[in-house]
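Novice: Counting in full-length UniProt numbering, the sequence shown runs from 1 upward without gaps. Quick one: the structure is below, and I'll ask about it shortly.
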Amino acid sequence: MSNVDTRQVDRDSLFLLAQLRVDGRDEVFRVKVRNLSAGGMMAEGDVKVIRGALVEVELRNIGWVEGTVAWKQESRFGIAFVDEIDPKQARANVSGSTVNHGAATRQVFGADGKRILKL
Numbered sequence: 001m002s003n004v005d006t007r008q009v010d011r012d013s014l015f016l017l018a019q020l021r022v023d024g025r026d027e028v029f030r031v032k033v034r035n036l037s038a039g040g041m042m043a044e045g046d047v048k049v050i051r052g053a054l055v056e057v058e059l060r061n062i063g064w065v066e067g068t069v070a071w072k073q074e075s076r077f078g079i080a081f082v083d084e085i086d087p088k089q090a091r092a093n094v095s096g097s098t099v100n101h102g103a104a105t106r107q108v109f110g111a112d113g114k115r116i117l118k119l
């Protein structure tokens, strides 16, 4: 298997936690979402799955999504979704706006009580 990714799908690299259910099993597993696209995701976790297994994954701001295990390599595995999703929704915070990881979120005030604008 080549290390060159030849798929023509936009995917977001990220780190989210998600819940995973495997068809035919009662347990709910916690997995790390390593990347996410409209058609699928790469998950990592201590879950015994096989290629072709039916799964459901609960993604933040999206809910439960059905899929099939497309590949498995050690603790990582790919899931192909049955229906496409909007991956940007999973990145949005609870209020629905996209999280800007590059911006400072703390306001600074001067001795006079006025907000200092950082440039």
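We treat Cβ as the ideally placed atom computed from N, Cα and C, and that holds for glycine. Source: prediction; values computed, not measured.
Can you tell me which of the three DSSP states K48 falls into?
Specialist: K48 falls in the coil class under three-state DSSP.
Novice: Can you check the UniProt domain "PilZ" (9-90) for any beta strand (DSSP E) of at least 3 residues that lies completely inside it and give the ranges in chain order?
Specialist: 11-22, 28-37, 40-44, 54-59, 63-73 and 76-81
Novice: Closest to A70 by C-alpha separation, out of N93, M42, P87 and A38, would be which residue?
Specialist: M42
Novice: Quick one: using the 10 Å Cβ neighbour count with 16 as the cut-off for buried, is F15 buried or exposed?
Specialist: exposed
Novice: Since V55 and R30 are thought to touch, with beta carbons under 8 Å apart, how far apart are those beta carbons, to the nearest angstrom?
Specialist: Rounded, the Cβ-Cβ distance is 14 Å, inconsistent with contact.
Novice: What do you reckon, are the CB atoms on Q89 and I50 nearer than 7 Å?
Specialist: If you check the CB distance, Q89 and I50 do not come in under 7 Å.
Novice: Can you list, in chain order, the residues of its chain with a C-beta nearer than 7 Å to that of L17? Leave out the 5 residues immediately preceding and following it.
Specialist: Closer than 7 Å at the Cβ level, and outside the excluded window around L17, lie R30 and K32.
Novice: Does the Cβ of G65 have 16 or more other Cβ atoms within 10 Å, making it buried, or fewer, making it exposed?
Specialist: Before going on, a small fix: residue 65 reads as Val here, not Gly. Buried, because 16 or more other Cβ atoms sit within 10 Å of the Cβ of V65.
Novice: Here's the rule I'm using: 16 or more other beta-carbon atoms within 10 Å means buried, otherwise exposed. How should G24 be labelled?
Specialist: When all chains shown are included, G24 counts as exposed.
Novice: Apart from the five residues just before and just after S75, which ones in its own chain have a Cβ nearer than 6 Å to its Cβ?
Specialist: E44
Novice: With 16 as the cutoff for other CB atoms within 10 Å, does G52 come out buried or exposed?
Specialist: G52 should be labelled exposed.
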